[in-house]
Amino acid sequence: MPNHRAWEVAIVGGGPAGLTAGLQLARAGYRAVLLERAGLGGQARWLGRIENYPGFPRGVDGGSLMSRWVRQARTWGLRTARADVRAVARTSGGFSLRLASGRVLRACAVVYCPGAGFNDLGLRGEGRFRGRGLLHAVSGSVADWRGRTVAVAGGGEAAAHQALALARQARRVHLLCRGERIKAHRLLLRRLRGEPRIALMRGVEVRGLQGGRRLQALDLSAPGGRLRLPVDALFVLVGKSAAPLPFPSRRLPPGFFVAGDASGEPFRQVVVAAGEGMKAAMRCAAFLERRA
Numbered sequence: 003m004p005n006h007r008a009w010e011v012a013i014v015g016g017g018p019a020g021l022t023a024g025l026q027l028a029r030a031g032y033r034a035v036l037l038e039r040a041g042l043g044g045q046a047r048w049l050g051r052i053e054n055y056p057g058f059p060r061g062v063d064g065g066s067l068m069s070r071w072v073r074q075a076r077t078w079g080l081r082t083a084r085a086d087v088r089a090v091a092r093t094s095g096g097f098s099l100r101l102a103s104g105r106v107l108r109a110c111a112v113v114y115c116p117g118a119g120f121n122d123l124g125l126r127g128e129g130r131f132r133g134r135g136l137l138h139a140v141s142g143s144v145a146d147w148r149g150r151t152v153a154v155a156g157g158g159e160a161a162a163h164q165a166l167a168l169a170r171q172a173r174r175v176h177l178l179c180r181g182e183r184i185k186a187h188r189l190l191l192r193r194l195r196g197e198p199r200i201a202l203m204r205g206v207e208v209r210g211l212q213g214g215r216r217l218q219a220l221d222l223s224a225p226g227g228r229l230r231l232p233v234d235a236l237f238v239l240v241g242k243s244a245a246p247l248p249f250p251s252r253r254l255p256p257g258f259f260v261a262g263d264a265s266g267e268p269f270r271q272v273v274v275a276a277g278e279g280m281k282a283a284m285r286c287a288a289f290l291e292r293r294a
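Rendered as C-alpha cells:
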C-alpha cells in the first residue's frame with residue numbers, strides 16, 4: 003500500500019471510469035491513489051474484441067486495452083493499491099476510507115466508481131458451483147473451453163457477446179433467453195444467427211443446477227415442458243447491480259464525486275465510463291483548486 007498520511011484524492015475502483023479519473027488527476031499533479039479490490043481494468047479486462055472504442059479501426063481486446071490504460075496512468079504517477087474499501091465517511095479535513103484490512107486512509111476528495119456486480123440466478127446451490135462450472139465471465143482464455151458444451155444465460159448484449167466469444171472454441175454454446183428475443187443491436191443479432199455453434203433457446207429459464215464437485219447439467223423450464231441440459235459450464239449474464247453509494251445520492255457531500263455504473267448511467271459501454279471518469283476528475287480538480 004502506498005504510504006501517505008493524507009492523499010489529495012482517493013479513487014475507489016479500477017475499471018475504465020476509475021483509471022481515467024486517476025490518470026487525469028495524476029497528470030494534473032495531484033497526489034492520487036487508486037484502490038481496487040479485484041484487478042485493475044475491472045470487468046472490461048475480460049471483454050473480447052471491443053469494436054466501438056475510438057482509435058482502433060479493427061477493434062481491440064479488452065485485456066490489451068486495459069493493460070495499456072494501466073501503464074498510461076502509472077506513467078503519469080498514479081499510485082495503485084489492491085484494497086477493498088468497506089466504508090467512506092466525512093471528516094473535518096475531507097474523507098476517511100476504511101479498508102477490509104482495518105487500515106484507514108484519508109483524502110481531501112474521493113472519486114467513487116466501484117462498478118457493478120453481476121446478478122445471480124437466485125437458485126438453490128448456486129454458491130456451491132461458483133467457480134466450478136458456474137461463472138459470470140471468461141476469466142482466462144476461451145481456449146480453455148475448446149471442444150466443450152457450455153451455456154450462457156441472459157437476453158442482452160453481454161450474453162450475446164459472451165456466446166460469440168465462446169463459440170470460437172466451444173463445441174456447442176446454448177444461449178438461454180428467458181424472453182422471446184435477444185435485446186441486442188442488429189450487427190450482433192446477425193452474427194448470432196450466422197454462428198452454427200450457437201443454439202438460441204427462447205422462452206427458457208434455468209430452474210436447477212445438477213452435478214457433483216462440478217456443474218454437470220441444468221434443469222430448464224421451456225415452452226414444451228421441463229428438460230435437463232448437460233453442460234460443462236454455465237455463464238450467468240442476467241444483468242448487473244451497481245454498488246450502493248455511501249451517502250444519499252441527492253445529498254452527496256462536497257468533494258465526493260461519482261462515475262461509472264455507480265452514477266446510474268444506463269449505457270454501460272467502456273467509452274461512456276471513460277468519459278464519466280474524465281468529467282468526475284475535472285470536477286474534482288476544480289474542487290481541490292477552490293480549497294487551495
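Numbering-wise, the sequence shown is residues 3 to 294 according to the numbering used here. No residue lacks a Cβ here, since even glycine has one placed at the ideal position from N, Cα and C. Quantities reported herein were computed from a predicted structural model and do not represent experimental measurements.
In angstroms with no decimal places, state the Cα-to-Cα distance between residue i and residue j.
i	j	result
residue 240	residue 202	16 Å
residue 163	residue 23	27 Å
residue 171	residue 123	25 Å
residue 192	residue 167	15 Å
residue 21	residue 227	48 Å
residue 65	residue 176	25 Å
residue 159	residue 238	13 Å
residue 216	residue 233	10 Å
residue 128	residue 243	18 Å
residue 57	residue 218	42 Å
residue 155	residue 63	23 Å
residue 89	residue 8	17 Å
residue 67	residue 102	29 Å
residue 184	residue 267	21 Å
residue 150	residue 182	26 Å
residue 282	residue 292	15 Å
residue 195	residue 100	49 Å
residue 224	residue 91	48 Å
residue 51	residue 10	36 Å
residue 61	residue 277	19 Å
Taking residue i and residue j to be in contact with their CB atoms under 8 Å, please state how far apart those CB atoms are, rounded to whole angstroms.
i	j	result
residue 260	residue 114	5 Å
residue 12	residue 37	6 Å
residue 2	residue 87	Any question about residue 2 goes unanswered here, given that the chain covers just 3 to 294.
residue 287	residue 27	6 Å
residue 78	residue 126	The pair is not a contact, with the Cβ atoms about 48 Å apart (cut-off 8 Å).
residue 229	residue 209	Rounded, the Cβ-Cβ distance is 10 Å, inconsistent with contact.
residue 169	residue 197	5 Å
residue 153	residue 231	7 Å
residue 213	residue 131	6 Å
If we cut at 8 Å on Cβ distances, does residue i have a partner in chain B?
i	result
residue 264	The question asks about chain B, but that chain is absent: this structure has only one protein chain.
With 16 other CB atoms within 10 Å as the buried threshold, where does residue i fall?
i	result
residue 157	buried
residue 263	buried
residue 81	buried
residue 294	exposed
residue 59	exposed
residue 133	exposed
residue 47	buried
residue 251	exposed
residue 137	buried
residue 211	buried
residue 53	exposed
residue 189	exposed
residue 116	buried
residue 72	buried
Please tell me whether residue i and residue j are closer than 8 Å, where the distance is taken between their beta carbons.
i	j	result
residue 43	residue 245	no
residue 98	residue 108	yes
residue 236	residue 135	yes
residue 178	residue 144	no
residue 249	residue 111	no
residue 105	residue 39	no
residue 199	residue 174	yes
residue 41	residue 275	no
residue 279	residue 19	yes
residue 271	residue 139	no
Report the partner residues of residue i according to the DSSP bridge assignment.
i	result
residue 9	109
residue 62	52
residue 223	207 and 228
residue 212	219
residue 184	None, per the DSSP bridge assignment.
Given 7 Å as the limit, tell me if residue i has its C-beta closer than that to any heavy atom belonging to the ligand SAM.
i	result
residue 23	The ligand SAM is absent from the structure shown, which contains no ligand whatsoever.
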